[in-house]
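*Asks:* Before anything else, here's the structure in question.
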Ligand code: SF4
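Residue numbers (the working numbering): 114 to 457.
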């Protein structure tokens, strides 16, 4: 039972499951506990919203490299389709864009609680710091997160612990409160100092960020949720590639480079029409949704616009199979003014 982790904490050295993001704070939270000989296990949540160049090439984001150095085994879980419900209806609202940070923390802590049970961890901790983020890491938000994830009194925040009520672990003497920290605010001076002192500064590799906080991506996401009958995390991945347009109920995605063109061509289920310029180099365009003559013409004008075509008019080819583009159409290139109102 999960509740056992948090109701019957063992009386010997406990095992802590830490939420790790790839940032400095969670790394230092782990270090602080390791320094008092607590066994620490890491848990990292992945999702298409995660901005991490390394994740592009390495699903594990390079995290294991530096957590290995601290002797910390790291597990990875995916945020699943149920996370889309969190984005659509966050109980505690959004940050500056479509980022439901408080609800997001609650979501991952609930999942972490289940995971902790599976691996017999005794408690959960995070790298949260009071007042580091105005909306999701103030004192009130930290309390809400703890209560809503059913971890009241049992969620350790080693970096700000001295500014918070002692957890049950501290009260029982299983964690030495005097060795925890009392950091507050945005400065990372103390964390950097500790990283330097313990020789892990080079391991700090700020890979992080969340696309839901970005205006352009948030617009694409709102559009996706509005038009998709069955939104999925798999479907979200497509929002990361290409220029996106919404025209007459159709979605038109235009590749910006070779990598994006390849991605669009090799989609398992493109569920639409693939288009490219006939005789010149240019983008792969994917058209989904309400495919009608006006949409195909619009997409053709965009495709030419972003191609190497010099003349104002040109031909595109298109079809349902990337290897069989047997339809063609001659159109004029779109102008910037023409396309801007449809750009997501
Ligand atoms: S920034 Fe994104 S990943 Fe981080 S808490 Fe907010 S919604 Fe979740």
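For glycine and all other residues, C-beta sits at the position ideal for the given N, C-alpha and C.
Relative to the C-alpha of residue 347, which candidate in 157, 164 and 191 has its C-alpha closest?
*Replies:* Residue 347 sits at position 234 when you count from the first residue of the chain shown. Among 157, 164 and 191, the Cα nearest to that of residue 347 is on 191.
*Asks:* For residue 132 and residue 217, what's the separation of their Cα atoms in angstroms?
*Replies:* Locating residue 132 in the chain shown gives position 19, where the first residue counts as 1. Locating residue 217 in the chain shown gives position 104, where the first residue counts as 1. If you take the alpha carbons of residue 132 and residue 217, they lie about 13 Å apart.
*Asks:* Within the structure, which residues are defined as neighbours of the ligand SF4 by a Cβ-heavy atom distance below 7 Å, reported in chain order?
*Replies:* Result (chain order): 162, 208, 212, 213, 214, 217, 218, 249, 323, 325 and 326.
*Asks:* Can you tell me which of 422, 151, 127 and 209 puts its alpha carbon nearest to the alpha carbon of residue 183?
*Replies:* The sequence position of residue 183 within the chain shown is 70, counting from 1. That would be 151, whose Cα lies nearest to the Cα of residue 183.
*Asks:* Suppose contacts are defined by Cβ-Cβ distances below 8 Å. Is residue 272 in contact with residue 185 by that definition?
*Replies:* Numbered from its first residue, the chain shown carries residue 272 at position 159. Numbered from its first residue, the chain shown carries residue 185 at position 72. No, these two residues do not count as a Cβ contact at 8 Å.
*Asks:* For residue 234, count the other beta carbons within 10 Å of its own beta carbon; 16 or more makes it buried, fewer makes it exposed. Which is it?
*Replies:* Start at 1 with the first residue of the chain shown, and residue 234 comes out as number 121. By the 10 Å Cβ count, residue 234 comes out buried.
*Asks:* Nearest by alpha-carbon distance to residue 422: which of 391, 301 and 252 is it?
*Replies:* In the chain shown, counting from the first residue as 1, residue 422 sits at position 309. Looking at the Cα atoms, 391 is the closest of the given residues.
*Asks:* In the DSSP assignment, the beta strand (DSSP E) including residue 191 goes from what residue to what residue?
*Replies:* Indexing the chain shown from 1 puts residue 191 at position 78. Per DSSP, residue 191 belongs to the beta strand (DSSP E) from 186-191.
*Asks:* So the beta strand (DSSP E) residue 346 belongs to, where does it begin and stop?
*Replies:* Locating residue 346 in the chain shown gives position 233, where the first residue counts as 1. It is not in any beta strand (DSSP E) - residue 346 instead sits in the alpha helix (DSSP H) that spans 346-350.
*Asks:* Residue ranges of each alpha helix (DSSP H) run of no fewer than 4 residues wholly in the segment 350-430, ordered along the chain?
*Replies:* The segment 350-430 contains these whole alpha helix (DSSP H) runs: 371-378 and 406-418.
*Asks:* So who's on the other strand from residue 444, going by DSSP bridges?
*Replies:* The count along the chain shown starts at 1 and reaches residue 444 at position 331. Per DSSP, 427.
*Asks:* Quick check for students: name the residue ranges of the alpha helix (DSSP H) that lie wholly in the segment 267-343, counting only runs of 4 or more.
*Replies:* 281-284, 302-310 and 328-340, all fully within the segment 267-343.
*Asks:* Quick check on residue 232: does DSSP put it in helix, strand or coil?
*Replies:* As a position in the chain shown, residue 232 is number 119, starting the count at 1. In the structure shown, residue 232 sits in coil (DSSP, three-state: anything other than H, G, I, E or B).
*Asks:* Measure from the alpha carbon of residue 267 to the alpha carbon of each residue in 310, 222 and 294, then state which is nearest.
*Replies:* For this step, residue 267 is matched to residue 154 along the chain shown. Checked all of 310, 222 and 294; the closest Cα to residue 267 is 222.
*Asks:* Contact check, residue 238 vs residue 269 under 8 Å by CB: the rounded distance?
*Replies:* Position 125 of the chain shown, counted from the start, is the residue given in the question as residue 238. Position 156 of the chain shown, counted from the start, is the residue given in the question as residue 269. Sure, about 4 Å apart at Cβ, within 8 Å.
*Asks:* Going by C-alpha to C-alpha distance, which of 127, 180 and 128 sits closest to residue 134?
*Replies:* Position 21 of the chain shown, counted from the start, is the residue given in the question as residue 134. Taking only the C-alpha atoms, the option nearest residue 134 is 180.
*Asks:* Let me check understanding here. Comparing Cα to Cα, which of 160, 129, 162 and 379 lies closest to residue 148?
*Replies:* For the purposes of this step, residue 148 is taken as the residue at position 35 of the chain shown. Of the listed residues, the one whose Cα sits closest to residue 148 is 129.
*Asks:* Note down, in chain order, each residue of its chain lying with its Cβ closer than 6 Å to the Cβ of residue 214, except the 5 sequence neighbours on either side.
*Replies:* Position 101 of the chain shown holds residue 214. If we look at residue 214 and ignore the five residues flanking it on each side, its Cβ neighbours are 208 and 249.
*Asks:* Just how far apart, CA to CA, sit residue 344 and residue 456?
*Replies:* Position 231 of the chain shown holds residue 344. Position 343 of the chain shown holds residue 456. About 21 Å.
*Asks:* What number of angstroms, rounded off, separates the C-alpha of residue 112 from the C-alpha of residue 443?
*Replies:* Past the edges of the chain, shown from 114 to 457, lies residue 112, and the structure says nothing about it.
*Asks:* Is residue 149 helix, strand or coil when you go by DSSP?
*Replies:* Along the chain shown, one-based indexing puts residue 149 at 36. It is coil, neither helix nor strand.
*Asks:* Span of the beta strand (DSSP E) holding residue 264?
*Replies:* Here residue 264 refers to the residue found at position 151 when the chain shown is read from its first residue. That residue, residue 264, is in no beta strand (DSSP E); it is neither H nor E in DSSP.
*Asks:* Could you name the residues of the same chain whose beta carbon sits closer than 8 Å to that of residue 242, not counting the 5 residues immediately before and after it, in chain order?
*Replies:* As a first step, residue 242 is located in the chain shown; it is residue number 129 there, counting from the start. Once the five neighbours on either side are set aside, the close Cβ partners of residue 242 are 138, 250, 270, 272, 273, 296, 297 and 298.
*Asks:* Whole angstroms are fine: how far does the CA of residue 224 sit from the CA of residue 114?
*Replies:* Along the chain shown, read from residue 1 onward, the residue named residue 114 stands at position 1. Along the chain shown, read from residue 1 onward, the residue named residue 224 stands at position 111. Because residue 114 sits at a pLDDT of 39, beneath the cut-off of 50, its placement in the model cannot be relied upon, and the point is left open.
*Asks:* Taking the alpha-carbon positions, what's the residue 373 to residue 350 distance?
*Replies:* Indexing the chain shown from 1 puts residue 373 at position 260. Indexing the chain shown from 1 puts residue 350 at position 237. Spanning the two alpha carbons is a distance of roughly 12 Å.
*Asks:* Buried or exposed for residue 126, going by 16 or more other Cβ atoms inside 10 Å?
*Replies:* Residue 126 sits at position 13 when you count from the first residue of the chain shown. With fewer than 16 other Cβ atoms within 10 Å, it is exposed.
*Asks:* Tell me which same chain residues have a C-beta within less than 6 Å of the C-beta of residue 393, skipping the five on either side of it?
*Replies:* Translated into the one-based positions of the chain shown, residue 393 becomes position 280. Once the five neighbours on either side are set aside, the close Cβ partners of residue 393 are 420, 421 and 422.
*Asks:* Work out the CA separation of residue 383 and residue 163 for me, nearest whole Å.
*Replies:* As a working note, residue 163 is residue 50 in the chain shown. As a working note, residue 383 is residue 270 in the chain shown. About 23 Å.
*Asks:* Does the beta-carbon of residue 202 have 16 or more other beta-carbons within 10 angstroms, so that it is buried, or is it exposed?
*Replies:* Translated into positions along the chain shown, residue 202 becomes position 89. It counts as exposed.
*Asks:* In terms of residue numbering, what span does the alpha helix (DSSP H) encompassing residue 200 cover?
*Replies:* Numbered from 1 along the chain shown, position 87 holds the residue referred to as residue 200. Taken as a continuous stretch (DSSP letters only), the alpha helix (DSSP H) holding residue 200 covers 195-201.
*Asks:* Near residue 153, what residues of its chain come up, given a Cβ to Cβ distance below 7 Å and the 5 sequence neighbours on each side ignored?
*Replies:* As a first step, residue 153 is located in the chain shown; it is residue number 40 there, counting from the start. For residue 153, where only same-chain residues beyond five positions count, the Cβ hits under 7 Å are 129, 131, 143, 146, 147 and 185.
*Asks:* In whole angstroms, give me the CA-to-CA distance for residue 361 and residue 405.
*Replies:* Along the chain shown, one-based indexing puts residue 361 at 248. Along the chain shown, one-based indexing puts residue 405 at 292. Taking the straight line joining both Cα atoms gives about 9 Å.
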